[in-house]
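For reference, the structure is listed below as structure tokens.
In the UniProt record's numbering, the protein residues as written are 1 to 388.
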């Protein structure tokens, strides 16, 4: 009498599992059906088969099929009955299954439908001006049965912010739409993705900067030049009363160094003792530094900051302020690149005299070029010496 053949049981819903596969991450599939002792679990897939039959990934001993086109991307743990796709990509999406021998006549199957979820991408203009209409888009590419749901995590600023879907073929998208305001400067919009009610760890973000319109700033002051001079002529206590702020708040609003504030006040006193007429730059030179327009430079950064550099290496110094400050290296390097709020110097070739070089990066106001913050850096140059 012939031996009874093995019977493959028809799959039930419990035997099919939907799995999330994220771009660049690993995916673990566990064959947790009841198995014989010793277990005999075989892994196969319908993803890379070139014929009508499924292609074997690994045998019951955990040996990877060397004919499989993705053999180097698989790993099998025969103790845990686990198949790992080490680096998941779009082409790996599809159906994988395990066959486990239950007894002499029965083989159980468990099917895994793996959906592809791509990297989360945040796009949109970050450097804005007050009043700009802005759109930031969070999008995720996908393939398979599980659909990603991108969502912007609400920042501190909620008023005037609108969220709309922007889905395309095999791409899930979510937009945040708003009009740039000064209180949005420095706000970070973060996007996270949910798949099958599970929040993925992968996220993306866009940090925006909002620059004030200088002409609008002057208009908001609502004073002409002569009116500005007239306001300066009031007594100190009256000046404080008109500003309706405390002493500390007054200093904060001026956003200038204390020494610069004192210098302007002394110049103002000289002006008042000499003339009651409309001030000129020669009589009241500090008037060229508009206290209401200068904005604080609250940070000066050097990137990269090191004690040694190679000849030809770029060193960037940037100042954070609104409006962007004028940034300069001193002494002036031979090769510099200027930009809005930053200056990049090229490290020169080393000479015998260059034992240790010291440069100072200064951030100045655009009006009057008053130095507000500076930062020094001392370094040596690596490389062969050149003729001095």
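Note that CB positions come from ideal geometry on N, CA and C, so glycine has one too.
key: Three-way DSSP call (helix, strand, coil) for residue 182 in this model   = Numbered from 1 along the chain shown, position 182 holds the residue referred to as residue 182. In the structure shown, residue 182 sits in a helix (DSSP, three-state: H, G or I).
ask   = Does the beta-carbon of residue 88 have 16 or more other beta-carbons within 10 angstroms, so that it is buried, or is it exposed?
value = Here the question's residue 88 lines up with position 88 in the chain shown. Per the 10 Å Cβ criterion, buried.
task = Decide if residue 83 is buried, meaning its Cβ has at least 16 other Cβ atoms within 10 Å, or exposed.
result = As a first step, residue 83 must be located in the chain shown, where it is residue number 83. Classification for residue 83: buried.
key: Where residue 355 falls: helix, strand or coil (DSSP)   = Residue 355 sits at position 355 when you count from the first residue of the chain shown. Here residue 355 sits in coil by DSSP.
task = Could you name the residues that DSSP lists as bridge partners for residue 111?
result = Taking the chain shown and counting its residues from 1, the one referred to as residue 111 is at position 111. In the DSSP output, where bridge partners are listed per residue, residue 111 has 16 and 97.
task = Can you tell me which of 18, 204 and 336 puts its alpha carbon nearest to the alpha carbon of residue 136?
result = Counting from 1 along the chain shown, the entry for residue 136 is found at position 136. Looking only at 18, 204 and 336, the smallest Cα-Cα distance to residue 136 is reached by 204.
Beta-carbon contacts of residue 377 that lie in its chain and below 6 Å, excluding the five residues immediately before and after = The residue given as residue 377 occupies position 377 in the chain shown. Closer than 6 Å at the Cβ level, and outside the excluded window around residue 377, lie 302 and 359.
task = Starting from residue 309, follow the beta strand (DSSP E) in both directions and report where the run begins and ends.
result = Here residue 309 corresponds to residue number 309 of the chain shown, with the count starting at 1. In the DSSP annotation of this structure, the continuous segment of the beta strand (DSSP E) that includes residue 309 starts and ends at 308–310.
The stretch 144–155 in contact with the stretch 45–59 per 3-pair CB rule at 8 Å = no
ask   = Are the stretch 21–29 and the stretch 121–131 in contact at 8 Å, needing three or more beta carbon pairs?
value = When Cβ pairs closer than 8 Å are counted between the two stretches, the stretch 21–29 is seen not to touch the stretch 121–131, the count staying below three.
inquiry  = As a quick exercise: from 375, 200 and 208, pick the residue whose alpha carbon is nearest that of residue 331.
reply    = For the purposes of this step, residue 331 is taken as the residue at position 331 of the chain shown. That would be 375, whose Cα lies nearest to the Cα of residue 331.
request  = Determine, using beta carbons only, whether residue 126 and residue 209 come nearer to each other than 9 Å.
outcome  = Against the chain shown, residue 126 aligns to sequence position 126. Against the chain shown, residue 209 aligns to sequence position 209. Against a cut-off of 9 Å, the Cβ pair of residue 209 and residue 126 comes out as a contact.
message = Assuming residue 134 and residue 21 are in contact, meaning their beta carbons sit under 8 Å apart, how far apart are those beta carbons, in whole angstroms?
response = Taking the chain shown and counting its residues from 1, the one referred to as residue 134 is at position 134. Taking the chain shown and counting its residues from 1, the one referred to as residue 21 is at position 21. Between residue 21 and residue 134 the Cβ distance is about 33 Å, and since that is not below 8 Å, they are no contact.
task = Give the secondary structure of residue 127 by DSSP, where H, G and I count as helix, E and B as strand, and everything else as coil.
result = Numbered from 1 along the chain shown, position 127 holds the residue referred to as residue 127. Three-state DSSP puts residue 127 in a strand.
task = Note down the Cα distance separating residue 299 from residue 361, rounded to an integer number of angstroms.
result = Here residue 299 is taken as the residue at index 299 of the chain shown, counted from 1. Here residue 361 is taken as the residue at index 361 of the chain shown, counted from 1. Cα to Cα, the separation comes out at about 12 Å.
ask   = In angstroms, rounded to a whole number, what distance separates the CA positions of residue 304 and residue 357?
value = Position 304 of the chain shown, counted from the first residue, corresponds to residue 304. Position 357 of the chain shown, counted from the first residue, corresponds to residue 357. Using only the alpha carbons, I get a separation of about 16 Å.
query = With 16 other CB atoms within 10 Å as the buried threshold, where does residue 306 fall?
reply = In the chain shown, counting from the first residue as 1, residue 306 sits at position 306. Residue 306 is exposed by the Cβ-count criterion.
Three-way DSSP call (helix, strand, coil) for residue 59 in this model = Taking the chain shown and counting its residues from 1, the one referred to as residue 59 is at position 59. Judged by DSSP in its simplified three-state form, residue 59 adopts coil rather than helix or strand.
ask   = Hey, would you say residue 30 sits closer than 9 Å to residue 68, going by beta carbons?
value = Against the chain shown, residue 30 aligns to sequence position 30. Against the chain shown, residue 68 aligns to sequence position 68. Against a cut-off of 9 Å, the Cβ pair of residue 68 and residue 30 comes out as no contact.
CA nearest to the CA of residue 323, picked from 139, 117 and 182 = The residue labelled residue 323 in the question sits at position 323 within the chain shown. It is 182 whose Cα lies nearest to the Cα of residue 323.
request  = Sort 15, 348 and 372 by Cα distance to residue 315 and report the nearest one.
outcome  = The residue you call residue 315 lines up with position 315 of the chain shown. Minimum Cα distance to residue 315 is reached at 348.
task = Identify, in the order they occur along the chain, each residue of the same chain with its Cβ nearer than 6 Å to the Cβ of residue 99, setting aside the five sequence neighbours on each side.
result = Mapped onto the chain shown, residue 99 falls at position 99. Counting only Cβ-Cβ distances below 6 Å, and skipping sequence neighbours, we find 42, 107 and 109.
request  = Keeping to the same chain, check which residues put their C-beta closer than 7 Å to that of residue 414; ignore five residues upstream and five downstream.
outcome  = There is simply no residue 414 to check, as the chain begins at 1 and stops at 388 in what is shown.
inquiry  = I'd like to check one pair, residue 117 with residue 169: are the Cβ atoms closer than 9 Å?
reply    = Position 169 of the chain shown, counted from the first residue, corresponds to residue 169. Position 117 of the chain shown, counted from the first residue, corresponds to residue 117. No.
ask   = Which whole-angstrom value is the C-beta distance of residue 319 and residue 350, which I expect to be below 8 Å?
value = By one-based count along the chain shown, residue 319 stands at place 319. By one-based count along the chain shown, residue 350 stands at place 350. Between residue 350 and residue 319 the Cβ distance is about 28 Å, and since that is not below 8 Å, they are no contact.
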